[in-house]
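Asks: Pasting a structure below so you can have a look.
Numbering (the UniProt record's numbering), first residue to last: 1 to 295.
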């Protein structure tokens, strides 16, 4: 399963690395939106869950992953900027659906508020409109460690909090990934956290009232940071909202166990392609990928 790779010019400002997993029999295309500081490698399992039922598009933000070498990193990128990048990619790849993970939900909601004509359904996973106490503590400590460029503490913070239920192999990849990031990536994450702590999330929620398409919100039963209960608050902002709970799963859903992977896949296909909801992956299809980082 080799993707078609391209580095695209976006708005004459950014160069964005993309992977397109084409499926000849697929009728629809879905684009996946990373959590903060994550890369296309974070979606290895999700791609296996969705392909070949769908064509799948992955991309790295201009400051991260394989997009990073193609951009000068001269200024920080806001969630609104990320939303505009997403909107252009939706048009370029003629995407019918979008799916976000963790803080990728913020720019996704901002983009959907523009009512892109092609998009028919959206999935927002491991995201919440509420900054609860565990999440606030996580963000405030993260802000402190990122400002100090303390790589060791940032890596441990991710694994000890939102990543607590990940298999040990994933935790090792997480730590290696976080501790090897460039200083501009830490500055970018610091900027995003400050936006969130200053209630910038309200802008995304206000715009969410313009979203008319069906949106499925998926959260892990054991996730203390974006809880099932808090996620249901999205029902007050998104008119056509649905909710799914992954049993015995934390923040990282399909990365944490085989059963959580299967349940996440069934929830996705049950929403996006109901006739395929009973289709299970072949034995051994659950894999442990490279990076699981998403904040």
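We put the beta carbon where it would ideally sit given N, CA and C, even for glycine.
(1) Tell me where the beta strand (DSSP E) around residue 57 begins and ends.
(2) In the DSSP assignment, find the unbroken beta strand (DSSP E) run with residue 99 in it and report its ends.
(3) Checking the sheet assignment: what are the DSSP bridge partners for residue 19?
(4) What do you get for residue 283, buried or exposed, if any count of 16 or more other CB atoms within 10 angstroms of its CB means buried?
(5) When you compare only the Cα positions, how much space is there between residue 286 and residue 40?
(6) In its own chain, which residues sit with a C-beta less than 8 Å from the C-beta of residue 242, not counting the 5 before and 5 after it?
(7) Of the choices 250, 20, 63, 147, whose alpha-carbon is the least far from that of residue 193?
(8) Does the Cβ of residue 240 have 16 or more other Cβ atoms within 10 Å, making it buried, or fewer, making it exposed?
(9) Grouping DSSP H, G and I as helix and E and B as strand, with all else coil, what is residue 132?
(10) Between which two residues does the beta strand (DSSP E) harbouring residue 122 extend?
(11) Under 8 Å, with one C-beta from each stretch per pair, do the region 43-56 and the region 64-74 reach the 3-pair mark?
(12) Should residue 132 and residue 268 be called a contact, given that it needs their Cβ atoms to be closer than 8 Å?
(13) Measuring CA to CA, which of 144, 15, 201 is closest to residue 190?
(14) In this structure, does DSSP put residue 14 in helix, strand or coil?
(15) Below 6 Å CB to CB, which residues in the same chain sit around residue 290 once its five sequence neighbours on both sides are set aside?
(16) Is residue 275 buried or exposed, if buried means 16 or more other CB atoms sit within 10 Å of its CB?
(17) If you run the structure through DSSP and keep just helix, strand and coil, what is residue 275?
(18) Let's see if you can read the secondary structure: which residues bound the alpha helix (DSSP H) around residue 159?
(19) Could you give the distance in angstroms between the alpha-carbon of residue 229 and the alpha-carbon of residue 130?
(20) Which residue comes first and which comes last in the alpha helix (DSSP H) that contains residue 229?
(21) Taking the alpha-carbon of residue 79 as reference, which of 207, 261, 91 has the nearest alpha-carbon?
(22) Which two residues bound the contiguous beta strand (DSSP E) that contains residue 240?
(23) For residue 29, report the span of its beta strand (DSSP E) as first-last.
(24) Report yes or no: do three or more beta-carbon pairs, one from the region 195-205 and one from the region 85-93, lie closer than 8 Å?
(25) Using beta-carbon positions only, say whether residue 163 and residue 252 come within less than 8 Å of one another.
(26) At 3 residues or longer, and completely inside the region 175-229: list those beta strand (DSSP E) runs for me, N to C.
(27) Compute the Euclidean distance between the alpha carbons of residue 166 and residue 51, then round it to the nearest angstrom.
(28) What does the alpha-carbon distance come out to for the pair residue 278 and residue 244?
(29) Can you list, in chain order, the residues of its chain whose CB lies under 8 Å from that of residue 299, leaving out five sequence neighbours each side?
(30) Pull up the distance between the alpha-carbon of residue 235 and that of residue 159, whole angstroms please.
Replies: Considering the structure as presented:
(1) Translated into the one-based positions of the chain shown, residue 57 becomes position 57. Its beta strand (DSSP E) spans residues 55-59.
(2) The residue labelled residue 99 in the question sits at position 99 within the chain shown. Here the beta strand (DSSP E) through residue 99 covers 97-101.
(3) As a working mapping, residue 19 is identified with position 19 in the chain shown. According to DSSP, residue 19 bridges with 5, 58.
(4) Residue mapping note: residue 283 aligns to position 283 of the chain shown, counting from 1. Caution is warranted here: a pLDDT of 37 is assigned to residue 283, below 50, making its placement in the model unreliable, and the coordinate value is therefore given only provisionally. Looking at its Cβ environment, which holds fewer than 16 other Cβ atoms inside 10 Å, residue 283 is exposed.
(5) Taking the chain shown and counting its residues from 1, the one referred to as residue 286 is at position 286. Taking the chain shown and counting its residues from 1, the one referred to as residue 40 is at position 40. Low per-residue confidence applies at residue 286: pLDDT is 44, beneath 50, and the placement is therefore not dependable, though the value from the model is reported in the following sentence. Going by the C-alpha atoms only, they are around 17 Å apart.
(6) Within the chain shown, residue 242 is the residue found at index 242, counting from 1. Same-chain partners within the cutoff: 214, 215, 216, 217, 271.
(7) Working through the chain shown from its first residue, we reach residue 193 at position 193. Out of 250, 20, 63, 147, 147 has the C-alpha closest to the C-alpha of residue 193.
(8) Locating residue 240 in the chain shown gives position 240, where the first residue counts as 1. Result: exposed.
(9) Position 132 of the chain shown holds residue 132. Correct three-state label for residue 132: coil.
(10) Along the chain shown, one-based indexing puts residue 122 at 122. Segment 121-125, the beta strand (DSSP E) holding residue 122.
(11) no
(12) Translated into the one-based positions of the chain shown, residue 132 becomes position 132. Translated into the one-based positions of the chain shown, residue 268 becomes position 268. In this structure, residue 268 does not lie closer than 8 Å to residue 132 by Cβ.
(13) Indexing the chain shown from 1 puts residue 190 at position 190. Looking at the Cα atoms, 144 is the closest of the given residues.
(14) Sequence index remark: in the chain shown, residue 14 carries index 14 (1-based). Strand at residue 14.
(15) For the purposes of this step, residue 290 is identified with residue 290 of the chain shown, where counting begins at 1. The predicted position of residue 290 is uncertain, since its pLDDT is 44 and thus under 50; a value taken from the coordinates is nonetheless stated next. Excluding residues within five positions, the ones whose Cβ falls inside 6 Å are 41, 173.
(16) Within the chain shown, the letter at position 275 stands for residue 275. Burial call: exposed.
(17) Numbered from its first residue, the chain shown carries residue 275 at position 275. It is helical.
(18) Within the chain shown, the letter at position 159 stands for residue 159. 151-160 is the span of the alpha helix (DSSP H), which, as asked, contains residue 159.
(19) Within the chain shown, residue 229 is the residue found at index 229, counting from 1. Within the chain shown, residue 130 is the residue found at index 130, counting from 1. Rounded to the nearest angstrom, the two C-alpha atoms are 10 Å apart.
(20) Position 229 of the chain shown, counted from the start, is the residue given in the question as residue 229. That run of the alpha helix (DSSP H) goes 228-231.
(21) On the chain shown, residue 79 is found 79 positions in, with the first residue counted as 1. The shortest Cα separation from residue 79 among 207, 261, 91 belongs to 207.
(22) By 1-based counting over the chain shown, the position of residue 240 is 240. Unbroken run through residue 240: none, as it is neither H nor E.
(23) Locating residue 29 in the chain shown gives position 29, where the first residue counts as 1. It spans 29-33 - the beta strand (DSSP E) in which residue 29 sits, taken as one unbroken run.
(24) no
(25) Along the chain shown, one-based indexing puts residue 163 at 163. Along the chain shown, one-based indexing puts residue 252 at 252. It is a contact, given that the beta carbons lie within the stated cut-off.
(26) 215-220
(27) Counting from one through the chain shown, the residue named residue 166 turns up at place 166. Counting from one through the chain shown, the residue named residue 51 turns up at place 51. Roughly 23 Å between the two C-alpha positions.
(28) By 1-based counting over the chain shown, the position of residue 278 is 278. By 1-based counting over the chain shown, the position of residue 244 is 244. Because the pLDDT at residue 278 is just 45, under 50, the model does not fix this residue reliably, and the point stays unresolved.
(29) Residue 299 cannot be examined here, being either before or after the span of the chain that is shown, 1 to 295.
(30) Counted from its first residue, the chain shown places residue 235 at position 235. Counted from its first residue, the chain shown places residue 159 at position 159. Roughly 30 Å separates the two Cα atoms.
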